[in-house]
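FYI, in the working numbering the residues of the sequence shown are 270 to 608.
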Amino acid sequence: MADVFAYRRSRRIAGFMRRCRVAASALLFPATLAAQAGDSVSLRFAWRDGLTADVEHEVLRVRTSHQGSDTTTMRTRSLMRVAAHPQGFVVRSDSLRVEGFDAAASVPTEFAQRMMSTLGSLTPSFVVSADGEFVQVTDLARLKAAMDSLFAPMVREMGESVPQVASFMGQLLSEQALTASAAQEWNALVGTWVGAEWELGAVYELETEEAVPIMPGLTVPMRLQFSAAGRVPCSEADQATSCVELQMISVPDSAGMKRLTQQLLERLAGVPDAEEVVAALENMEVEQELTVVAEPNTLVPHLVVREKRVRVTVAALAGEDGGTMRQVDRNVQRYRYRK
Numbered sequence: 270m271a272d273v274f275a276y277r278r279s280r281r282i283a284g285f286m287r288r289c290r291v292a293a294s295a296l297l298f299p300a301t302l303a304a305q306a307g308d309s310v311s312l313r314f315a316w317r318d319g320l321t322a323d324v325e326h327e328v329l330r331v332r333t334s335h336q337g338s339d340t341t342t343m344r345t346r347s348l349m350r351v352a353a354h355p356q357g358f359v360v361r362s363d364s365l366r367v368e369g370f371d372a373a374a375s376v377p378t379e380f381a382q383r384m385m386s387t388l389g390s391l392t393p394s395f396v397v398s399a400d401g402e403f404v405q406v407t408d409l410a411r412l413k414a415a416m417d418s419l420f421a422p423m424v425r426e427m428g429e430s431v432p433q434v435a436s437f438m439g440q441l442l443s444e445q446a447l448t449a450s451a452a453q454e455w456n457a458l459v460g461t462w463v464g465a466e467w468e469l470g471a472v473y474e475l476e477t478e479e480a481v482p483i484m485p486g487l488t489v490p491m492r493l494q495f496s497a498a499g500r501v502p503c504s505e506a507d508q509a510t511s512c513v514e515l516q517m518i519s520v521p522d523s524a525g526m527k528r529l530t531q532q533l534l535e536r537l538a539g540v541p542d543a544e545e546v547v548a549a550l551e552n553m554e555v556e557q558e559l560t561v562v563a564e565p566n567t568l569v570p571h572l573v574v575r576e577k578r579v580r581v582t583v584a585a586l587a588g589e590d591g592g593t594m595r596q597v598d599r600n601v602q603r604y605r606y607r608k
């Protein structure tokens, strides 16, 4: 659920980095200072016309509870191409091939098949400025049509029993939400880091209140940590440490996540006893970690790893067993550039 406000967070951080260009690190609070004396990194955006990469993408979800565990994995390959645009650059991903899909028992087979057949239409092309700022999606109508085709049967079926679900899914599949999703991907890849100047090995911490776009008026306290962990090879085959490993860890406040969960249950799912359900959540922990290996002078990425860890402990109620549920979502992208 923390993902619902990830776009706005990344967008604001990206803007903050751009405004502070030279002294971004001085305006954050150093949580630890383990860097080597005088060793720092300047992060600049300098992609080029014609940049082309083969992208290997693997998504893994592992869910564990007292009832057992299940795992879902998906592996794809695609081609990322960058071309000059009047506003900067247009970034396109195409030639997608699904190389493996192992669904957990909890994933409906029919839905999985529809997803596989539609997946190639779900990757948007978008424009970024010469400074590395997300501008717009270029093919919203096609993307919207593909998403509607994939999710419409499920929304229709669920909407018959829970009308709020149809309304909620309509918001998630709106052009505004799809634009936000594309921007979130770009900001994780590049936008968040543009303009930072950090000491290597230092960790900078920022505490903020994050608004939840789909729930007007609701905010969640958030703790963010940023670091340039060190200089590393750009790939396993490289010897030189010409890339830098960038990290961001975001941890929403547990009480704030409980409030968000209750609001979602009440407003969107129509659960009458949402307060009682949420009260049974004895513990709710969410942590998201983003790691990017990129060239510091261009922010051309070579590896992107996103991992979200969720741990929820539920008390036993009305004869129902309680227990702890853990879920880990790991998303890995490797970029291999063509000459």
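Cβ atoms here follow ideal geometry from the backbone N, Cα and C, with glycine treated the same way.
Beta-carbon proximity list for residue i, same chain, < 8 Å, skipping 5 on both sides
i    : result
A352 : D318, G319, F358, V359, R361
C512 : R500, V501, P502, C503, V562, A563, E564, P565, H571
V404 : Q356, G357, F395, V396, V397, S398
S279 : In this prediction, S279 has a pLDDT of 46, which is less than 50 and means its spatial position is unreliable; what the coordinates show is noted afterwards. Correct list, in chain order: A452, Q453, N456, A457, G460, T461.
Straight-line Cα distance separating residue j from residue i
i    : j    : result
E556 : F420 : 28 Å
P393 : T461 : 19 Å
A527 : F314 : Residue identity differs from the one stated: residue 527 is Lys in this sequence, not Ala. Taking the straight line from one Cα to the other gives about 38 Å.
A449 : R411 : 16 Å
A399 : R580 : 40 Å
K608 : T488 : 46 Å
E478 : T567 : 31 Å
L530 : Q596 : The question names Leu, but residue 530 in the sequence shown is Thr. Cα to Cα, the separation comes out at about 16 Å.
V459 : P355 : 20 Å
V573 : E505 : 14 Å
S294 : W467 : Note that S294 scores 37 on pLDDT, short of 50, meaning its location in the model is unreliable; the coordinates nonetheless yield the value given after this. Between S294 and W467, the C-alpha separation is close to 5 Å.
E454 : G337 : 32 Å
R366 : S347 : 6 Å
V397 : W316 : 10 Å
S364 : D507 : 27 Å
A524 : V472 : 25 Å
Coil, strand or helix - residue i by DSSP
i    : result
L365 : strand
R280 : With a pLDDT of only 44 at R280, under 50, the local geometry of the prediction cannot be trusted, and the value read off the model is given with reservation. Here R280 sits in helix by DSSP.
R411 : helix
R607 : coil
R580 : strand
F314 : coil
Q250 : The question about residue 250 has no answer, for the chain in this structure spans 270 to 608.
S523 : helix
S418 : helix
L621 : One cannot answer for residue 621 here, as it falls past the ends of the chain, which runs 270 to 608.
E564 : coil
Q596 : strand
G337 : strand
G357 : strand
Q557 : strand
A506 : coil
V635 : For residue 635 there is no data in the structure shown, the boundaries of the chain being 270 and 608.
A322 : strand
A399 : coil
S511 : coil
S394 : coil
Same chain only: Cβ atoms within 6 Å of residue i, ignoring 5 sequence neighbours per side
i    : result
R575 : L559, N600
K577 : Q557, D598
T593 : T582
M349 : A322, V324, S362
L329 : T342, R599
R332 : D339, Q596
L515 : W462, A497, V561
R603 : E325, L572
P521 : A271, V489, M491, V555
M517 : F495, L559
E476 : R492
Chain-order list of residues whose beta-carbon lies under 7 Å from that of residue i (same chain, five-residue window excluded)
i    : result
R605 : A322, D323
E444 : L409, K413
T510 : R500, V501, P502
S309 : E466, W467, E468, L469
Assumed close pair residue i, residue j - CB separation to whole angstroms, cut-off 8 Å
i    : j    : result
V406 : A451 : 5 Å
Q491 : S519 : Note that residue 491 corresponds to Met in the displayed sequence, not to Gln. Their Cβ separation, rounded to whole angstroms, is 6 Å, which keeps M491 and S519 in contact under 8 Å.
The ligand COA heavy atom lying under 7 Å from the CB of residue i
i    : result
E479 : Absent from the structure shown: the ligand COA. Ligands present: none.
- Complete runs of the beta strand (DSSP E) confined to the region 443-503 [at least 3 residues]: 466-468, 471-480, 488-501
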